[in-house]
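In my numbering, the protein residues as written are -13 to 365. Here's the structure, in structure tokens; my notes come after.
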């Protein structure tokens, strides 16, 4: 692929980050967040990283009227999070700090195992405990955050069994495309996920919101349908946009094109310096012709996560004029990412066993400290 073709491919990827969200709006009845009144003044909304929604306006009204509200924000236990996850994490943290919202974080050790994302249940449990520690380090308040790891908090299955009477196998096949040769755990898991989401509504919360990726809305449609059948408030949702990797392709572990939140400074620099650039072939040519910020991945991440609108416009102008070089652009991103991840690592080291015990939900009789010791969570 030529440089021109590569640039066109990256430009197309950046230009299509909202494609899934627009599909949700046009085909599946979601709304545009830009149409909601009173959206918080926060970068994930201001920069369009949260683009579409279901009943977000209702959830905001519930917050403002002082109803008891919760956020449910889960992730699987296949490994540690990457840069593409931080728009959801930061949004959750904003609502917790600004409104005092309690956050429930299901970490799907069971789904990671039945789907084959990990080879053993033990790996899934260890990953789940490490993820809980990472999220505490990220800044979530242990007095307002509860982690649900299904292996050690099995009560969630009682709610899943109740909800299972509202979902048929044919509905699961229609939504997820599962086939008879796939294991039964996959077919059952949608009701477990719905149990995670609706759980706060069973313990006194009046409204729930779920920030998710646009590709996860099928889970919300199933859950909202089940909630309606069982007389619950339909959980609200906000959808983040698709974030391409540093090469302009889909961010994934297999492509190694994302920045993971536990990576070394050396690896972060290597990845960023290898990112697709809108710069010219030489410094002289760049000074003369300028760069193209529309296809520059370092600029895209800076604009999305770190810069205000005016700062981004000024940087784009300087890049187009040749004043800012592509290497300088990448160094700007590296400096910000390295600083952020260094802070996270420092905070990770300071998380205590007591913090974990305060925030991880367990069945009666589970010795969480013994479990953390077994899986070397603090070694």
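Glycine included, each C-beta is placed from N, C-alpha and C at the ideal position.
Residues of its chain near residue i, where Cβ-Cβ distance is below 7 Å and the 5 sequence neighbours each way are ignored
| i | result |
| --- | --- |
| residue -12 | Note that residue -12 scores a pLDDT of 35, beneath 50, so its modelled location is shaky and nothing firm can be said. |
| residue 19 | 25, 31, 36, 37, 38, 39, 42, 224 |
| residue 364 | 339, 358 |
| residue 354 | 342, 343, 346, 348 |
| residue 229 | 3, 70, 237 |
| residue 112 | 361 |
| residue 214 | 220 |
Distance CB(residue i)-CB(residue j) smaller than 8 Å
| i | j | result |
| --- | --- | --- |
| residue 234 | residue 216 | no |
| residue 203 | residue 31 | no |
| residue 114 | residue 135 | yes |
| residue 118 | residue 330 | no |
| residue 244 | residue 70 | yes |
| residue 138 | residue 321 | no |
| residue 63 | residue 104 | yes |
| residue 93 | residue 60 | yes |
| residue 274 | residue 308 | yes |
| residue 155 | residue 100 | no |
| residue 129 | residue 110 | no |
Cβ separation of residue i and residue j, assumed to be a contact under 8 Å, to the nearest whole Å
| i | j | result |
| --- | --- | --- |
| residue 311 | residue 265 | 7 Å |
| residue 212 | residue 152 | 5 Å |
| residue 227 | residue 7 | 6 Å |
| residue 27 | residue 82 | Between residue 82 and residue 27 the Cβ distance is about 16 Å, and since that is not below 8 Å, they are no contact. |
| residue 206 | residue 184 | Not a contact, Cβ separation roughly 11 Å. |
| residue 405 | residue 66 | Residue 405 lies beyond the range of the chain shown here (-13 to 365); nothing can be said about it. |
| residue 232 | residue 268 | Not quite, the Cβ-Cβ distance comes to about 22 Å (not below 8 Å), so this is no contact. |
| residue 246 | residue 68 | 5 Å |
| residue 87 | residue 182 | The Cβ separation is near 17 Å, so there is no contact. |
| residue 54 | residue 191 | 5 Å |
| residue 131 | residue 91 | 6 Å |
Whole-angstrom distance between residue j and residue i, CA atom to CA atom
| i | j | result |
| --- | --- | --- |
| residue 292 | residue 323 | 9 Å |
| residue 89 | residue 199 | 17 Å |
| residue 3 | residue 238 | 15 Å |
| residue 290 | residue 148 | 41 Å |
| residue 258 | residue 279 | 15 Å |
| residue 180 | residue 196 | 11 Å |
| residue 48 | residue 17 | 18 Å |
| residue 255 | residue 167 | 44 Å |
| residue 334 | residue 251 | 16 Å |
| residue 336 | residue 193 | 33 Å |
| residue 178 | residue 304 | 51 Å |
| residue 296 | residue 282 | 18 Å |
| residue 248 | residue 332 | 11 Å |
| residue 415 | residue 270 | This structure cannot settle anything about residue 415, because the visible part of the chain is limited to -13 through 365. |
| residue 175 | residue 21 | 34 Å |
| residue 351 | residue 189 | 21 Å |
| residue 158 | residue 169 | 13 Å |
| residue 133 | residue 272 | 50 Å |
| residue 72 | residue 356 | 31 Å |
| residue 328 | residue 253 | 13 Å |
| residue 186 | residue 5 | 31 Å |
| residue 84 | residue 165 | 44 Å |
| residue 294 | residue 33 | 8 Å |
| residue 201 | residue -1 | 16 Å |
| residue 144 | residue 76 | 31 Å |
| residue 108 | residue 23 | 46 Å |
| residue 96 | residue 325 | 34 Å |
Residues that DSSP places opposite residue i in a beta bridge
| i | result |
| --- | --- |
| residue 134 | 92, 347 |
| residue 199 | 226 |
| residue 17 | 39 |
| residue 58 | 90 |
| residue 236 | 230 |
| residue 216 | BP columns for residue 216 are empty, so no partner. |
| residue 246 | 68 |
| residue 446 | Shown here, the chain extends from -13 to 365; a query on residue 446 therefore has no answer. |
Close beta carbons around residue i, own chain, < 6 Å, minus the five adjacent residues each side
| i | result |
| --- | --- |
| residue 45 | 193, 195, 222 |
| residue 74 | 197, 226 |
| residue 306 | 276 |
| residue 146 | 177, 178, 181 |
| residue 284 | 261, 315, 316, 319 |
| residue 313 | none |
Cβ-based neighbour list, residue i, same chain, cut-off 8 Å, excluding 5 preceding and 5 following
| i | result |
| --- | --- |
| residue 241 | 231, 233, 235 |
| residue 288 | 298, 301, 315, 318, 319, 322 |
| residue 11 | 17, 18, 38 |
| residue 161 | 176, 204, 207, 208 |
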